[in-house]
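Read the structure below first, then the notes.
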Ligand SMILES: Nc1ncnc2c1ncn2[C@@H]1O[C@H](COP(=O)(O)OP(=O)(O)OP(=O)(O)O)[C@@H](O)[C@H]1O
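In the UniProt record's numbering, the protein residues as written are 1 to 310.
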């Protein structure tokens, strides 16, 4: 029968390809998502994250390779899989004709819940989304963060064991993002497996137990946020900012590795302060300087030579 063992991965892909015409958006990726984890796809626009998510969501057929979701083949058991998933698309697609509560209730009815059960479910999800006091409000005037929380609440009407979130916090202000992350932590604590695409390295670091870094349709690295940073980055990073167009000073010998960006130089070193003193000692005068720890942004830069967000 279709179904999953406790230990078998919730999602398993081998040499998975998505092709549009003669363009390969996803170029043969392997991955496993385990039950209960928060798994991330980190990469810039066009990396192939959404294309992969849509195949996992069983709404877009794979072009080549193997894919199993909840132990089933989406090309055979698409409806079964979709019934057990929650999907939060990149763009909110709430019904603006309906109130907040109705958006949940009507959706619950689509999933076959009785009128009374749908009403109880909506009440529970309003509480989860911290929108109980807005239950009878129109959707349109809600803030971006509230709309996102409502979209997430709506994706939960069928009690999915796997929730797919495509760039859940793009466009939200920091406070709204933190509120939303908090809701996602709560879902994870309840045992829901999360798959998240993002081009925000801090989101990936905060939320994901494991992630793959994607670029140009390929997976270029895989691991935990801390593991990836330890593998591809030094303990500290010294950032020296310069006016664009200013000649690059000679600092390459002061660090293990140096990246030159249009407005700054990044020195990868175990001892940022020492490198800064040495730079000052030889007359380097940046507009400003900063010693910080390594991040997934540094990992991405190291792997691809580019920044995640331009
Ligand atoms: N339906 C389609 N037809 C043709 N090309 C497509 C289609 N969907 C996506 N692509 C292309 O495939 C590549 C990967 O797109 P995808 O949306 O998967 O990337 P992404 O990493 O999710 O980025 P984004 O954050 O922009 O969604 C892009 O170059 C995109 O233009």
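Note that the Cβ used here is the ideal one computed from N, Cα and C, for glycine as well.
Predicted model only: the values in this text are computed from it and were never measured.
Distance check between residue 195 and each of 301, 20, 49 places 49 closest, using alpha-carbon atoms only. For residue 156, no beta strand (DSSP E) segment is defined, and its DSSP state is neither H nor E.
For residue 242, the three-state secondary structure derived from DSSP is coil. Apart from sequence neighbours up to five positions away, the residues of its chain that approach residue 287 with a beta-carbon distance below 7 Å are 241, 242, 243, ordered along the chain. The beta carbon of residue 21 sits closer than 8 Å to at least one heavy atom of ligand 1. Beta-bridge partners of residue 268 (DSSP): 237, 257. Not one heavy atom of ligand 1 falls within 8 Å of the beta-carbon of residue 234.
Inter-residue distance for residue 206 and residue 23 is about 33 Å (C-alpha atoms, whole angstroms).
Judged by DSSP secondary structure, residue 42 falls outside any alpha helix (DSSP H) and instead within the beta strand (DSSP E) spanning 38-42. If you check the CB distance, residue 238 and residue 224 do not come in under 9 Å. With distances taken between CA atoms, residue 136 lies nearest to 98 out of 53, 198, 233, 98. Annotation: residue 123 to residue 114 spans about 14 Å, alpha carbon to alpha carbon. Boundaries for residue 137: no beta strand (DSSP E) harbours it, and the DSSP string shows neither H nor E there. Beta-carbon to beta-carbon, residue 269 and residue 222 are separated by about 26 Å, too far to satisfy the 8 Å threshold. For residue 72, the pairing in a beta bridge is given by DSSP as 69. Counted as a single uninterrupted DSSP element, the beta strand (DSSP E) harbouring residue 28 occupies residues 23-33. In the displayed model, residue 98 falls within coil according to three-state DSSP, outside both helix and strand. In this structure, the straight-line span from the alpha carbon of residue 299 to that of residue 282 is close to 29 Å. Residue 202 sits in a helix when the DSSP states are folded into three classes.
Within a 10 Å sphere around the beta-carbon of residue 110 sit fewer than 16 other beta-carbons, which makes this residue exposed. Judged by the Cβ position, residue 88 fails to qualify as a neighbour of ligand 1 at the 8 Å threshold, every heavy atom of the ligand being at least this far.
At least one heavy atom of ligand 1 falls within 8 Å of the beta-carbon of residue 44. The beta-bridge partner set that DSSP reports for residue 289 consists of 240.
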